[in-house]
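Enquirer: Position one of the sequence shown corresponds to residue 1 (full-length UniProt numbering), numbered consecutively onward.
Have a look at the structure that comes next, please.
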Amino acid sequence: MSQPLTIKRPAEKTAAKKTTAKKTTAKKTTTRKTTAKKTAAKKSPAKKTAAKKTVAKSATAARRTAVRETVGTDAAAAVPLAEFLDAAGTLTLDQRKLLVDQALLLLSENYVHLPLKVAMHAVNPLQRLRVMRARMERLTAETMEDEWLFHREMSSIFHSVRDLHTNYLLPVPFAGKIAFLPFMIEKCYDEAGDEHYLVTRTVTGYQAPQFGPGAEVTHWNGTPIARAVALNGAVFAGSNDAANLARGLESLTLRPLVIQSPPDEDWVTLSYVGLDGSDQELREQWKVTTNLPPMTDLDAISEASAVMGLDLDSDEKSRAKKALYVRDVVELERGQSSAELAAPAAVTGADLPTTMPGVFRAREVATSSGTFGHLRIFTFSVPDPVAFRDEFVRLAAILPQNGLIVDVRDNGGGHIYASEFTLQTMTPRRVAPEPVQFISSPLNLRICRRHRENPAGIDLGPWFDSLDLAIETGAQYSAAKPITPEDGANDVGQTYQGPVVLITDARVYSATDIFAAGFADHEIGTILGVDDNTGAGGANVWTHGLLAALLNEPPPPDETSPYIALPNGANLRVSIRRTLRVGKLAGTPVEDLGVKPHETHRMTRADLLEGNVDLLNRAGELLAALPVRRLDLKTSLSGTTLTVAIDAQGINRVDLYVEGRPISSEDYTTPLSIDILEVTPGQLLRADGYDAGKLVASKRQVV
């Protein structure tokens, strides 16, 4: 395999690294100018186009020579970014106008967070779109701007609201593609609290001098790495500072082109401290390849698409990371993201076999405070929320019962049912799903009126009456009603009775934000964050395609529908229903506020390079400080008499119910046996355990 261009400096000159930034920046500036000339050729008058394209091809060829091929065999189908962009750009002026008009429609009529975003971030996306549209009226096919500039402006307007649910999705050839560099960079802290940025993964087969997991990146295109991350985060804005920085770091090396504009540069210049301590520099080109397919058709009228709470950026990146770095899982899933296998399989020798290897990772972890269960949830983006919940229950039951670490870092959400159905399994309390609201608008009212009796499998009846009255009452939002069925959120009850710690970060978003909020609101356990907040995405998200379908299904279609089909596979997404907290923070929106952890752990070098060892030790400390509860039932039915043997730990009272009716309340000090009369097979027995008058454990069993 050919090697990247590298420059090695003596180790003793490390302190002078910062002074080299200007030279590197100069290279990058030259590249931008060349790229601009190449792109400008695409939309020039016909007579001049051929000559400019010849110049552009020569420039592109020179760049390809300067930046050597370095991507490993797992990314063999990738092409250089410059080559990919040569073929991009087919939108006509009328098609661009249509995209702007439809964006105005969604943001003004459907976007639930618009008042909040205008107030919190002092933005005006509607006016920016109106100005953009007015200027387009003065353009012609010959004078209109390059297509990449159009995409950049549209993306900038949508990014300005700092809502990762509300997106402009680029058309073909960008849709389904990812731009990537063949390595990952993550942030950690030293004992003094200073930041460090380490390479943690490389694509299989990638090599560069003294480069690999543990190499420390110091500069990015001549800019100090921390500043480069912050600047990049401002472009791909999250809902809070922690989310901005997390997104900025991820997007340095990985960009889903359906949702993020292509990189400006054809290549990057990376300065790093090599594995041997030497000062190194390499130049690596961006490449483009096809991503793994998404789990759900988000434009289709289906229950799954209507109840999605998904950060598409995180979901695209999660699938991309799997394709680039976790080939074993891709092979098990046969290229179908979040696929459910017919039989459980283990990805590594230390993991428990699971039917959903792209969704869960379950294992025992030995910490400095004891051995506990660790259950990583990579995504809630699954077609069957009940199957998701049941696999979570099965895995948790196999793990140690003295403490469970549920780890949702990097999880961008998915099926809202899956997230809220799972909460009940870790708490004896009844779960109240988060309620949601539409913004009051004539168009939302039309949609809810058409689907108020659930004619197409999407029941919008609970929100119709309040929207119908909104014009008279002046209400800004509809009534708040839950998306997740309350019965489904409580139909199995608690199955794991040990203490639980939830690990979060700033990339937690959408349905995972809802999961974290429910975990906090129902006081299930301690939240340990590696960042100061979650991503703060509190909404159910619908696409333009789904909105259009809702006015056309069931037949006959609404001939006055304002939604017009978008060109070239382009799409738009919008937060349609905002989520509100329950419990002590009832009524507080999740959007922009997120879920703050009870405890914070700053990732260390050992965490990044040795399997989260310090993070898991901290989680183990928190678990070891919590009481262990256990409530076991053994039953036997003789005629109509049910004998219940109770064995418990950390409980001093047990209440028994049959089919929801109270039967007995017993003080508990030692194992005891209770006879219940007039019981028939198939009835549901429930035991609730209390400690000092507080409900701490629950167990259900069908007789």
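A virtual CB, placed ideally from N, CA and C, is assigned to each residue, including glycine.
(1) Restricting to Cα atoms, I'd like to know which of Ser108, Leu91, Leu170, Val172 is closest to Thr140.
(2) May I ask you to list the residues that DSSP assigns as paired with Lys177?
(3) Looking at the secondary structure, which residues open and close the alpha helix (DSSP H) in which Asp315 lies?
(4) Could you say which of Ala78, Gly358, Ala339, Glu340 lies nearest to residue 789 if we only look at CA atoms?
(5) Work out the CA separation of Thr355 and Ala342 for me, nearest whole Å.
(6) Is the separation between the beta-carbon of Phe360 and that of Glu391 shorter than 8 angstroms?
(7) Go ahead and pull the three-state DSSP assignment for Glu364.
(8) Rounded to a whole number of angstroms, what is the C-alpha to C-alpha distance between Ala21 and Ala243?
(9) Would DSSP call Val55 helix, strand or coil?
(10) Return the Cβ separation of Leu578 and Val436 in integer angstroms, given the expectation that the two are a contact with Cβ distance under 8 angstroms.
(11) Is it buried or exposed, Asp688, if we count other Cβ atoms within 10 angstroms and call 16 or more buried?
(12) Three Cβ pairs or more, each shorter than 8 angstroms: is that satisfied between the region 262-271 and the region 548-566?
(13) Does DSSP put Asp241 in a helix, a strand or coil?
(14) Verify whether the separation of the beta carbon atoms of Ile651 and Leu637 is less than 8 angstroms.
(15) Going straight from the alpha carbon of Ala208 to that of Leu198, what length do you get?
(16) Could you name the residues that DSSP lists as bridge partners for Tyr417?
(17) Within the continuous beta strand (DSSP E) that includes Met426, where are the two ends?
(18) What is the DSSP secondary structure of Gln95, counted as helix, strand or coil?
(19) Based on the DSSP output, what are the partners of Phe183 in its beta bridges?
(20) Pick helix, strand or coil for Pro482, following the three-state DSSP scheme.
(21) Which same chain residues end up closer than 7 angstroms to Asp607 when comparing Cβ atoms and leaving out the 5 residues on each side of it in sequence?
(22) Give the straight-line distance between the Cα atoms of Ser314 and Tyr111, rounded to the nearest whole angstrom.
(23) Excluding the 5 residues flanking Ser58 on each side, which residues of the same chain have their C-beta closer than 6 angstroms to its C-beta?
(24) Can you find at least 3 beta carbon pairs, one from the region 476-483 and one from the region 543-552, that sit closer than 8 angstroms?
(25) For the alpha helix (DSSP H) holding Lys117, just list the boundary residues, first then last.
(26) Could you check which residue in Ser673, Leu585, Ser155 has the C-alpha nearest to that of Ala103?
(27) With a CB to CB cut of under 7 angstroms and the five nearest residues on each side skipped, what residues in its chain are close to Glu216?
(28) Which residue comes first and which comes last in the alpha helix (DSSP H) that contains Val235?
(29) Return helix, strand or coil for Leu622, following the three-state DSSP convention.
(30) Kindly indicate the opening and closing residues of the alpha helix (DSSP H) around Arg450.
Expert: Judging by the given coordinates:
(1) Residue Leu91 holds the alpha-carbon nearest to the alpha-carbon of Thr140 among Ser108, Leu91, Leu170, Val172.
(2) According to DSSP, which records beta bridges pairwise, Lys177 is partnered with Thr290.
(3) Taken as a continuous stretch (DSSP letters only), the alpha helix (DSSP H) holding Asp315 covers 312-325.
(4) The chain is shown only over 1 to 703; residue 789 falls outside these bounds and no answer can be derived.
(5) Rounded to whole angstroms, Ala342 and Thr355 show a C-alpha spacing of 7 angstroms.
(6) Against a cut-off of 8 angstroms, the Cβ pair of Glu391 and Phe360 comes out as a contact.
(7) The answer is strand: DSSP assigns Glu364 an E or B state.
(8) With a pLDDT of 36 at Ala21, under the threshold of 50, the predicted position of this residue should be treated as unreliable, though the coordinate-derived value follows. Ala21 and Ala243 have their C-alpha atoms roughly 27 angstroms apart.
(9) Any reading at Val55 must be qualified, since the residue scores a pLDDT of 37, below 50, and its modelled position is unreliable; no value is offered.
(10) Reading the sequence as shown, one finds Arg at residue 578 and not Leu. Their Cβ separation, rounded to whole angstroms, is 6 angstroms, which keeps Arg578 and Val436 in contact under 8 angstroms.
(11) Classification for Asp688: buried.
(12) Contact fails: fewer than three Cβ-Cβ distances are below 8 angstroms.
(13) DSSP places Asp241 in the helix class (H, G or I) of the three-state scheme.
(14) With a cutoff of 8 angstroms on beta-carbon distance, Ile651 and Leu637 are scored as not near each other.
(15) Rounded to whole angstroms, Ala208 to Leu198 spans 15 angstroms at the Cα level.
(16) Note: Tyr417 sits in no beta bridge, so no partner.
(17) That residue, Met426, is in no beta strand (DSSP E); it is neither H nor E in DSSP.
(18) For Gln95, the three-state secondary structure derived from DSSP is helix.
(19) Note: Phe183 sits in a beta bridge opposite Thr202.
(20) Strand at Pro482.
(21) Exclusion of the five residues before and after Asp607 leaves Cys188, Val613, Asp614, Leu615 as the residues of its chain whose Cβ lies within less than 7 angstroms of its Cβ.
(22) Taking the straight line joining both Cα atoms gives about 21 angstroms.
(23) Note that Ser58 scores a pLDDT of 39, beneath 50, so its modelled location is shaky and nothing firm can be said.
(24) Segments in contact, no.
(25) Segment 114-121, the alpha helix (DSSP H) holding Lys117.
(26) The shortest Cα separation from Ala103 among Ser673, Leu585, Ser155 belongs to Ser155.
(27) Result list for Glu216: His196, Tyr197, Leu198, Tyr272, Val273, in chain order.
(28) Segment 225-235, the alpha helix (DSSP H) holding Val235.
(29) If DSSP states are grouped into helix, strand and coil, Leu622 belongs with the helices.
(30) Under the DSSP assignment, Arg450 falls in the alpha helix (DSSP H) whose first and last residues are 442-450.
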